[in-house]
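As structure tokens, the structure follows; a few thoughts come after it.
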Amino acid sequence: MKTKFFALALSIGLLFSSCSSDNDPAPFIVAPLTGTESIVVGATTTFSSTTTGGTYTSATPAVATVAASTGVITGVSVGTSVITYTVQSVAVTKTVTVTAVPVATGEITGPITADKTYALGNYTMKGMVKVNSGVTLTFEAGSTITVDKTTGDNALVVLNGGKLIINGTADKPVVFTEKSKIAGSWGGIIMYGDAPINAINGVKTSTSEDGNALPYGGTNAAHNGGSLKYVRVEYAGSKLADGTKELNGFSFYSVGSGTTLDHLVSYKGADDGFEFYGGTASLTNAISYENTDDSFDWQDGWQGQANSNWYARQNVKGNFGIEIESSKNNNAYFPKVTNITLRRIAGTTPEAVGDVQVDAFQFKNEGNGDFSNIIIDGYGDYTEAGKVYTGAAVKIQDASTNTNQVNGGKIKITKVKITNTSKNILGVVVAPWDGIVTFPAGNFVTDDTATGASITGGAWATVNGVDLTK
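Per the working numbering, the sequence shown starts with residue 21, numbered consecutively.
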């Protein structure tokens, strides 16, 4: 009897044991990740699993980031990163590879007669490349355009009615440079518009002095020549083959207020860094770095109203920090610039022997303007052929400018900090004028709290490891 009972108990136990084994849950499995495994920097892809409810992470966010809930991956830099997808503490992985964006190459010649976009790339440019009226030329961020002075006269010229679109970024500027890396090797960027000017004898149109001999000036104050952002022009300021015309880093002929000019660098050119020939355009966050003539220059009654953050560094050779004239027209255009730094490194000499120009601001031929929050440093005396020339923060070049613009209250220089400079204000004695300059009360105000230009650096303002904002 005991034997039968034991056998029955054993059978029941085995039965329950068998049932318990059959009811154990299967291990949780996350379905594998699927999706494109290779992308270029800046592009996206998506990893996904048929198992829902999980979270994505990237092992190397510096290479690729991933959205935690959607699995959208963005390439950041060249390399690989392991993407992990976790559901209920169970994880699966997949590797994404990020490669460099393909870089285009090619040659740019003119004229540009139809809309054209140059993708990210390294290009060569030959000749006076002109963008025709009604045509838009675009360069993608990060591109480099190289010219070669041995091919003749070179420049990028935007004719009135044409547009140039270059929207670089702080990390991906568009750079125009020259093969030899020698100042004065090409003509830079030249733009034409039909905004108002005030040329010699008060006429409203004039002819360009860049060798193109093109008309400029008009009544379209809102002219739009395009958008230039984060653009660097290097080694420009050439003299044309005939030896008569000099070009700048950037030349703006009657360009209008509809044009965007922001975060621009003119680097080591052999003429002016930036020059305006009338017009109404404004310039912000601009660096004129070691150009051998004037850092900033204008004439023909330029009247930009929204200018800010101009930085000039003059070294080895350089003339005026800012040269201001208005073609001998007593005008009320009154351009405005705030936040300016003009710095002249010790030992800097004028561009040419016998033509001493060593002042921070020079006003002549009825030039005027409203300037505030300014740093002026290093405009001291200069000796040439045994004669000492006084360096000044502000030079008034002629009697009519003094009478009509200074005395007329149309030159204002306020909140200015002046250091290492021989004289604050200097008038050039030309009989019968005695050279005495007296600003109306409140129109010339020194202030040691001035801060000058405030510009954030980055790749756009860095050459050979040197931060151009310093």
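Think of the CB as a built atom: it goes at the ideal place given N, C-alpha and C, for glycine as much as any other residue. In this text, all values refer to a predicted model and were calculated from it rather than measured experimentally.
Confirm, please, whether the CB-CB distance from aspartate 214 to asparagine 232 is below 9 Å. no
Going by DSSP, what residue range makes up the beta strand (DSSP E) through alanine 84? From DSSP, the beta strand (DSSP E) with alanine 84 extends over 84-86.
Which runs of the beta strand (DSSP E), 3 residues or longer, sit entirely within the region 329-385? As far as the region 329-385 is concerned, its whole beta strand (DSSP E) runs of at least 3 residues are 342-345, 356-364, 381-384.
Taking only the alpha-carbon atoms, compute the straight-line gap between lysine 356 and asparagine 327 and give it to the nearest angstrom. Near 6 Å, if we compare the C-alpha coordinates of asparagine 327 and lysine 356.
Within a Cβ cutoff of 7 Å, which residues of the same chain sit near alanine 120, ignoring the five residues on either side of it in sequence? Same-chain partners within the cutoff: Val60, Val61, Val98.
Could you pull the DSSP bridge partners for asparagine 240 from this structure? According to DSSP, which records beta bridges pairwise, asparagine 240 is partnered with nothing at all.
Could you tell me the alpha carbon to alpha carbon distance between threonine 191 and asparagine 349, rounded to whole angstroms? Note on residue identity: the sequence assigns aspartate, not threonine, to residue 191. About 43 Å.
With DSSP as the reference, label serine 109 as helix, strand or coil. If DSSP states are grouped into helix, strand and coil, serine 109 belongs with coil.
Rounded to whole angstroms, how far is the Cβ of aspartate 379 from the Cβ of asparagine 440, which I believe are closer than 8 Å? At roughly 13 Å, the Cβ-Cβ gap does not stay under 8 Å, so aspartate 379 and asparagine 440 are not in contact.
Of the choices Val486, Ile128, Asp317, whose alpha-carbon is the least far from that of alanine 500? Given that the chain is displayed from residue 21 to residue 490, the structure contains no residue 500 and the question cannot be resolved.
For serine 41, count neighbouring Cβ atoms within 10 angstroms of its own Cβ and tell me buried if that reaches 16, exposed if not. Because serine 41 carries a pLDDT of 48, less than 50, the predicted location of this residue cannot be relied on, and the following value inherits that uncertainty. Exposed, because fewer than 16 other Cβ atoms sit within 10 Å of the Cβ of serine 41.
Less than 9 Å between the beta carbons of lysine 384 and alanine 413, yes or no? no
Which value, in whole angstroms, describes the spacing of the CA atoms of threonine 489 and glycine 245? Rounded to the nearest whole angstrom, the CA to CA distance from threonine 489 to glycine 245 is 27 Å.
Comparing alpha-carbon positions, which option in Gly126, Val123, Ser153, Gly147 lies nearest aspartate 135? Ser153
Whose C-alpha, out of Phe459, Lys288, Phe67, is nearest the C-alpha of asparagine 484? Lys288
Whole beta strand (DSSP E) runs in the region 261-321 with 3 or more residues, listed along the chain? 270-273, 280-287, 294-297, 304-309, 316-319
Would DSSP call alanine 481 helix, strand or coil? helix
Give me whichever residues DSSP pairs with phenylalanine 196 in a beta bridge. Ile165, Val253
Report the residue ranges of all beta strand (DSSP E) runs contained in full by the region 397-466; include only those spanning at least 3 residues, in chain order. Fully enclosed beta strand (DSSP E) runs of 3 or longer: 402-404, 407-409, 412-416, 431-439, 443-447, 464-466.
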